[in-house]
Amino acid sequence: MSISLSLIYLVSIIAFIIGLKKLGHPATAKNGNIIAASGMGLAIAGTIFIHDLQVPRSIYILIGLAILIGSIIGGLMAIKVKMTKMPELVSLFNGFGGASAALIGLVEFSKDGGDKMITTTIVSGIIIGAITFSGSMIAWGKLNGSIKSVIKIPYYNTANNLFLVGIVAFAFFMVTAGANNEVLAFALLAAGLIYGILFVLPIGGADMPVVISLLNSLTGIAAAITGVLLSNMVMLIGGILVGSAGIILTIAMCKGMNRTLGAVIFGTFSATDSIAGTNKTLGTIKKTNPSDSAIMLNYATNVIIVPGYGLAVAQAQHIIHELEELLTKKGVDVKYAIHPVAGRMPGHMNVLLAESNVDYSLLLEMDDINAQFKNTDVVLVVGANDVVNPAAHNDPSSPIYGMPILEVENAKHIIVNKRTMNAGYAGIENELFYNDKTVMLFGDAKAALTSLVSELKNM
Amino acid sequence: MNEWIVFISNNLEITYIIILSIFVGVEVIKNIPAVLHTPLMSGANALSGVVVVGAIMVMLNSDPQNYFALTLGFIAVVLGILNVVGGFAVTGRMLKMFKKKS
Numbered sequence: 000m001s002i003s004l005s006l007i008y009l010v011s012i013i014a015f016i017i018g019l020k021k022l023g024h025p026a027t028a029k030n031g032n033i034i035a036a037s038g039m040g041l042a043i044a045g046t047i048f049i050h051d052l053q054v055p056r057s058i059y060i061l062i063g064l065a066i067l068i069g070s071i072i073g074g075l076m077a078i079k080v081k082m083t084k085m086p087e088l089v090s091l092f093n094g095f096g097g098a099s100a101a102l103i104g105l106v107e108f109s110k111d112g113g114d115k116m117i118t119t120t121i122v123s124g125i126i127i128g129a130i131t132f133s134g135s136m137i138a139w140g141k142l143n144g145s146i147k148s149v150i151k152i153p154y155y156n157t158a159n160n161l162f163l164v165g166i167v168a169f170a171f172f173m174v175t176a177g178a179n180n181e182v183l184a185f186a187l188l189a190a191g192l193i194y195g196i197l198f199v200l201p202i203g204g205a206d207m208p209v210v211i212s213l214l215n216s217l218t219g220i221a222a223a224i225t226g227v228l229l230s231n232m233v234m235l236i237g238g239i240l241v242g243s244a245g246i247i248l249t250i251a252m253c254k255g256m257n258r259t260l261g262a263v264i265f266g267t268f269s270a271t272d273s274i275a276g277t278n279k280t281l282g283t284i285k286k287t288n289p290s291d292s293a294i295m296l297n298y299a300t301n302v303i304i305v306p307g308y309g310l311a312v313a314q315a316q317h318i319i320h321e322l323e324e325l326l327t328k329k330g331v332d333v334k335y336a337i338h339p340v341a342g343r344m345p346g347h348m349n350v351l352l353a354e355s356n357v358d359y360s361l362l363l364e365m366d367d368i369n370a371q372f373k374n375t376d377v378v379l380v381v382g383a384n385d386v387v388n389p390a391a392h393n394d395p396s397s398p399i400y401g402m403p404i405l406e407v408e409n410a411k412h413i414i415v416n417k418r419t420m421n422a423g424y425a426g427i428e429n430e431l432f433y434n435d436k437t438v439m440l441f442g443d444a445k446a447a448l449t450s451l452v453s454e455l456k457n458m
Numbered sequence: 000m001n002e003w004i005v006f007i008s009n010n011l012e013i014t015y016i017i018i019l020s021i022f023v024g025v026e027v028i029k030n031i032p033a034v035l036h037t038p039l040m041s042g043a044n045a046l047s048g049v050v051v052v053g054a055i056m057v058m059l060n061s062d063p064q065n066y067f068a069l070t071l072g073f074i075a076v077v078l079g080i081l082n083v084v085g086g087f088a089v090t091g092r093m094l095k096m097f098k099k100k101s
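Order-wise, the sequence lines are chains B and G. Mapping of the first sequence onto numbering that gives the first Met the number 0: position 19 corresponds to residue 18, and the numbering continues sequentially without gaps. Mapping of the second sequence onto numbering that gives the first Met the number 0: position 74 corresponds to residue 73, and the numbering continues sequentially without gaps.
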């Protein structure tokens, strides 16, 4: 590799690190994105133009064509996507990255001379790339609602894990036997694809933030392995950066959902095992209407809004901002409490509220706001359920026991907006709704909030 | 087994780089506020599109008659660049929305 290309890669790597660092602070994030993107552009241009190979023009044309097609499709998708659909899009892009790594592995396998270490990197690139691709496609389908099934077969996880062990054993055999039959590489690819499907298929909607982070991390690892294979530093380091970032986010999401990383990868990682605690007498619920709720909010000194995925589904992020502005104008102190797994990917709720111009300094994280609930007059819960369920604290038999929640039950009054009394994703009853301090405002989030706003305007 | 030990001793630098990069990645990402998790993730996702560099290398190294390698390489470049361009564009679009009122 020429020294000038190596230097270009070095600049790209520095740009990646600085870009990621800047992405971590609200004030510098925009620049960070631009810096990282410039580093990527530099690495791609350098790879195409700086080398000692005799490359026929036809191949250059093909590369240019591929870049053009990919850029146009990618750009259009990025411009058109709605913010509520962000998790699907990230999954989709992520899957493409994984597929790219798997394809590179396939091509390199056909050139492989039987060196065991090279074969090891190739087969691991193929497996991880394939799992990421099919897993991300299933995640995409589940998030956009086209795949609904949540499989519940006894010993499903055990069978799944055995299958994974089988894949690894098969790959190990290919390496040690020095197998160079391309059919075997395709078989490995197929096995990886099937495992990716089996891995993501049983996972319930509420667990999606964890899965998306994990798949994201896996693509990084696939890129890094391909970097080792091609002795390419920018791929190696770029991939590892993504891999470690993804693992950290995954662990953060696991904490938010009360799961361990091991449980995520190897089992007990499915929707509800059982529906617990439903037979308890929980008392009765109290219904309310928009005008009574508006009065409560109007005469409060401070209000905390707890938005959940129901808000996003109803596209109510703009009207909630209007409500917040209206209350602020009337002298009420309004804040938002954001649970780490609110939405369908890490930080999704923040993006949705930012889209409707909510000042991000009003969005408080769980640890910062939990102590404030007891001094709060009114909490307005919109389309959230499991993340405010006190059973996580006081019912050891509950599947969500131990999960960190927003402690809204400490507030003086609680208004819960829900469409129906149906249970949340975890499929369990929420005693918060039966609390003496709680009133239920039934209806679609957008419709309910709209009438709340008009009631408030008339006061 | 011997071959692997030989490989590692021949590639000590790579081993160092891998381990140090893991630390850099962890240090850079930790303590990021939840408000930025989605943009960070989609930005990192765009970065993982760096596989496109490898896909381009595969195409550059292919024999023009090797249709198998060229076809797979072509698809790999399209998918990789889609990940890169789409990822950075959508991250930029999201970040544009984050505002602090004065």
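We put the CB at the ideal spot given by N, CA and C, even for glycine.
- In the DSSP assignment, Lys417(B) is bridged to Phe441(B).
- Contact between Val199(B) and Ile137(B) holds: their C-beta atoms lie close to 4 Å from each other, under 8 Å.
- Residue range Asp332 to Ile337 is occupied by the beta strand (DSSP E) that includes Ala336(B).
- Chain-ordered, the chain G residues with CB closer than 7 Å to the CB of Leu88(B) read Val89.
- Per the coordinates, the alpha-carbon of Phe372(B) lies some 9 Å from the alpha-carbon of Val302(B).
- Among the residues facing chain G, Phe372(B) is not included, as its CB has no counterpart in that chain under 7 Å away.
- For the segment 33-44 of chain G, the set of residues with a beta-carbon nearer than 7 Å to any beta-carbon of chain B comprises Ala33, Val34, Leu35, His36, Thr37, Pro38, Leu39, Met40, Ser41, Gly42, Ala43 and Asn44, in chain order.
- Judged by DSSP in its simplified three-state form, Glu364(B) adopts strand.
- In this structure, DSSP gives Pro55(B) a state outside helix and strand, which the three-state scheme calls coil.
- Contact of Leu78(G) with chain B is assigned, a C-beta pair being separated by under 7 Å.
- Here the alpha carbon of Gln314(B) sits roughly 8 Å from the alpha carbon of Ala444(B).
- Against chain B, a Cβ distance below 7 Å from Leu71(G) picks out Leu102, Leu105 and Val106.
- In terms of Cβ geometry, Ala383(B) and Val331(B) do not form a close pair [threshold 7 Å].
- The C-beta distance from Ile239(B) to Gly24(G) rounds to 6 Å, short enough to fall under 8 Å.
- Counting the other Cβ atoms within 10 Å of the Cβ of Phe22(G) gives fewer than 16, which makes it exposed.
- Leu229(B) carries a coil assignment under DSSP once its states are collapsed to helix, strand and coil.
- Chain-ordered listing is empty here: chain G has no CB closer than 7 Å to the CB of Ser450(B), the nearest sitting near 27 Å.
- Within the same chain, and ignoring the five residues on either side of Ile196(B) in sequence, the residues whose Cβ sits closer than 6 Å to its Cβ are Ser133 and Ile137.
- Counting only residues of its own chain and dropping the five nearest sequence neighbours on each side, Lys254(B) has a CB closer than 8 Å to the CB of Pro339 and Pro403.
- Identification of chain B residues near Ile28(G) by a Cβ-Cβ cut-off of 8 Å yields Leu19, Gly23, Ser243, Ala244, Ile247 and Leu248, ordered along the chain.
- Setting aside the 5 residues that flank it on each side, Val312(B) is surrounded in the same chain by Thr83, Gly382 and Ala444, each with a C-beta closer than 8 Å to its C-beta; the list follows chain order.
- Every unbroken stretch of the alpha helix (DSSP H) spanning 4 or more residues and falling wholly within the segment 141-206 of chain B is given here in chain order: 155-175 and 181-199.
- In this structure, DSSP gives Lys286(B) an extended state, which the three-state scheme calls strand.
- It is roughly 7 Å from the alpha-carbon of Asn93(B) to the alpha-carbon of Ser135(B).
- Contact holds between the segment 84-100 of chain G and the segment 346-357 of chain B, because three or more Cβ pairs, one in each stretch, are under 8 Å apart.
- Shortest Cα-Cα distance from Ser41(G) to any of Asn159(B), Gly242(B) and Leu52(B) involves Gly242(B).
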